Amino acid sequence: MSPDEERNIKRIHALRGIVVGRWFLIFGLAILGIVQMIVGIAIVSLTPVMLGLLVSIPVFYNFIYTVYLYRFSDRLSYKQLALLSFLQVLVDQIVFTFIIFVTGGVESIGFILYFFPMLSATILYSDLRIISFTIVTIFWYTSMVVLEFNGVIPHFARYFYDPGFFENAEVTLANTISIDLILLFTGLFSVFVNRIIRDRELEITIERDKVRSILNSLEDGIIMLDARKHVLLMNPPARDILRFYGEVFGPEIRKEDFPRAFGKLIQSIREQPETKRLDQEVVVEEGQNNNVIQVDTIPIYAADGSIVSWVKVLHDITRDKELDEIKSDFISVAAHQLRTPLAALKWFFKLMIEGDAGSVTEKQQNLMEKAYVRTNEVIEIVNNLLDISEIEEGRFPYEFAEGDIIEAIGATLLSARQDGSQKNVSVEFEHSDKLPLTEMDSQKMRMAIQNLVDNAVKYSRKNSSVKIRAEIKNNRLFVSIGDQGIGIANDEQAKIFSKFFRGRNAKEYEPTGSGLGLYIVKNVVQRHRGQIWFESEVNKGTTFFLSLPIPRKYLPPKK
Ligand code: ADP
Numbered sequence: 004m005s006p007d008e009e010r011n012i013k014r015i016h017a018l019r020g021i022v023v024g025r026w027f028l029i030f031g032l033a034i035l036g037i038v039q040m041i042v043g044i045a046i047v048s049l050t051p052v053m054l055g056l057l058v059s060i061p062v063f064y065n066f067i068y069t070v071y072l073y074r075f076s077d078r079l080s081y082k083q084l085a086l087l088s089f090l091q092v093l094v095d096q097i098v099f100t101f102i103i104f105v106t107g108g109v110e111s112i113g114f115i116l117y118f119f120p121m122l123s124a125t126i127l128y129s130d131l132r133i134i135s136f137t138i139v140t141i142f143w144y145t146s147m148v149v150l151e152f153n154g155v156i157p158h159f160a161r162y163f164y165d166p167g168f169f170e171n172a173e174v175t176l177a178n179t180i181s182i183d184l185i186l187l188f189t190g191l192f193s194v195f196v197n198r199i200i201r202d203r204e205l206e207i208t209i210e211r212d213k214v215r216s217i218l219n220s221l222e223d224g225i226i227m228l229d230a231r232k233h234v235l236l237m238n239p240p241a242r243d244i245l246r247f248y249g250e251v252f253g254p255e256i257r258k259e260d261f262p263r264a265f266g267k268l269i270q271s272i273r274e275q276p277e278t279k280r281l282d283q284e285v286v287v288e289e290g291q292n293n294n295v296i297q298v299d300t301i302p303i304y305a306a307d308g309s310i311v312s313w314v315k316v317l318h319d320i321t322r323d324k325e326l327d328e329i330k331s332d333f334i335s336v337a338a339h340q341l342r343t344p345l346a347a348l349k350w351f352f353k354l355m356i357e358g359d360a361g362s363v364t365e366k367q368q369n370l371m372e373k374a375y376v377r378t379n380e381v382i383e384i385v386n387n388l389l390d391i392s393e394i395e396e397g398r399f400p401y402e403f404a405e406g407d408i409i410e411a412i413g414a415t416l417l418s419a420r421q422d423g424s425q426k427n428v429s430v431e432f433e434h435s436d437k438l439p440l441t442e443m444d445s446q447k448m449r450m451a452i453q454n455l456v457d458n459a460v461k462y463s464r465k466n467s468s469v470k471i472r473a474e475i476k477n478n479r480l481f482v483s484i485g486d487q488g489i490g491i492a493n494d495e496q497a498k499i500f501s502k503f504f505r506g507r508n509a510k511e512y513e514p515t516g517s518g519l520g521l522y523i524v525k526n527v528v529q530r531h532r533g534q535i536w537f538e539s540e541v542n543k544g545t546t547f548f549l550s551l552p553i554p555r556k557y558l559p560p561k562k
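Residue numbers (my numbering): 4 to 562.
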């Protein structure tokens, strides 16, 4: 919206406000007139015909304003609006002078009506013009009194008992000067009020422009919606993403206004969750192109805790996704290619260690054993990489069947204890006598637990212990694996389940490792509809927790 358009819209809003206000005023005056006629002692001349006439004049011109401002507002030029504003004030002044004239002239208290056009002028104009309109008002009033006093126009008695004040020069003079001064002071006061209003407006405009320029300079699309899903704000990147350049202040954001491909995106923009935040990824299919847009929703709260609006942050992650895919493909191909030669290498070392290729010296034997162990480690990493690419492609195969968590944990203990014995780390497993069976992929669960137990041993300090517990709580299986090892630094805790992430202290303490294990573990746990989390303190130790649901049929019957 250009500044000119904005100025016009503001003018139209102000003028509409005045017109609506005038309807109320007319209604009030009509009621007052009727009451006067029934019970009043004042305004002798007020007959039903007269009242009808008086009311119909403002009704007539206010009707014309209303039609213009509500029907043809989009066709009104700035000049026409300026004329309309001018008339709004001037016509009221003239008509109200007439009303004052027929309701007693200088004896009438109708001059109070002048405050209405003065208010209109305060809203529409500033300093000099407000004063000019005030002087014009004073002119109308004084002229009427002078003409009446000199008998040029008739006098309408205000009271049944007519004291004839209008003929008395002193009374007329005193009255007129007082009222003119009241009008003048009101005009001056209006100038101050107007200044306060304008200052506030300016402050708001500056704030708004600041916010607007920040929003416009962001790369992400920002859309703000109120509870009726009306758009309060939409920055240029959001318009680019939605290919939407129409008017957005006011109307509800609806699917029908956008190309079909944007249906899902609009739907997620329209969603207004009560929860803290909601992050969604939406694919927009446009011909050959698939764009992936991340839609983050942030509710905005009022002071009383209720949600007043929702901010939608639109982030085009198409490129990130493509890069991710390329990386995954690369990893997958590389791992596949490495697996066969590595398996062969391992096999050759094994043959040589076992003496199938002839006798070797003790030193050679020693080196080959080390090479065999290292090759095994590399194979382990390659297997992890393959698992990860399968997870990412959604091909990681799961076979769920009845399984026993105690058995799965038990199967990991032997090798963990062997590794632990080298550092004098004991591995203890505690569990309730009998735990219910549950639905699981036993092999994958074993692999996940093995990973956690191996980590616990690997990152344990010498002469310490690893404690594993399994129990049933609130109809879920809980497994905890605690160690007294190096711990995880606070600033790294959020990244611990990411691919390839290794803690600083972990790298120092145990240089070998790929940072892939926990990523796979998390995936396995999630596929079992379980949760995984941990508590850790540097140099004190770490405990990982698993919680797994148990299908109802495996739960012990309630007592
Ligand atoms: P890796 O052990 O091969 O580095 P993981 O994915 O299994 O990879 O673990 C990722 C990181 O999490 C580790 O590098 C380490 O920083 C941290 N971590 C995992 N388990 C523990 C633990 N029991 N104690 C301390 N740090 C741990």
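Glycine included, C-beta positions come from ideal geometry on N, C-alpha and C. Given the structure is predicted, the values throughout are model-derived calculations rather than measurements.
Three-state secondary structure (DSSP) of residue i
i	result
Pro166	coil
Asn171	coil
Glu325	helix
Asp444	coil
Asn466	coil
Arg257	coil
Asn478	coil
Gln291	coil
Gln496	helix
Leu519	coil
Gln534	strand
Val314	strand
Arg472	strand
Pro120	helix
Gln275	coil
Ile320	coil
Ser424	helix
Cβ-based neighbour list, residue i, same chain, cut-off 6 angstroms, excluding 5 preceding and 5 following
i	result
Glu538	Thr546
Ile269	Lys258 and Phe261
Val527	Lys447 and Ala451
Pro302	Ile310 and Trp313
Leu388	Ile334 and Ala338
Lys498	Phe504
Val92	Pro120, Ser123, Ala124 and Phe136
Residue i Cβ short of 7 angstroms to the ligand ADP heavy atom set
i	result
Ile394	no
Asp486	yes
Ala360	no
Ala419	no
Gly506	yes
Asn219	no
Ala230	no
Tyr522	yes
Ala459	yes
Ala451	no
Ile382	no
Leu519	yes
Gly397	no
Asn454	yes
Tyr375	no
C-beta atoms of residue i and residue j nearer than 8 angstroms
i	j	result
Val311	Val298	no
Val234	Ile207	no
Arg464	Gln496	no
Val482	Val460	no
Gly490	Leu440	no
Phe169	Val105	no
Pro120	Gln83	no
Ser88	Leu18	yes
Pro61	Ile29	yes
Classification of residue i by the beta-carbon crowding that lies within 10 angstroms, buried from 16 upward
i	result
Trp536	exposed
Leu127	buried
Ile244	buried
Gln590	What is shown of the chain runs 4 to 562, which leaves residue 590 out entirely.
Val287	buried
Arg263	exposed
Ala411	buried
Pro400	exposed
Tyr144	buried
Glu151	buried
Asp390	buried
Val214	exposed
Same chain, Cβ closer than 7 angstroms to residue i, neighbours up to 5 away in sequence not counted
i	result
Phe352	Met371, Ala374, Tyr375 and Thr378
Ile133	Ala124, Thr125, Gly190, Ser193, Val194 and Asn197
Glu204	none
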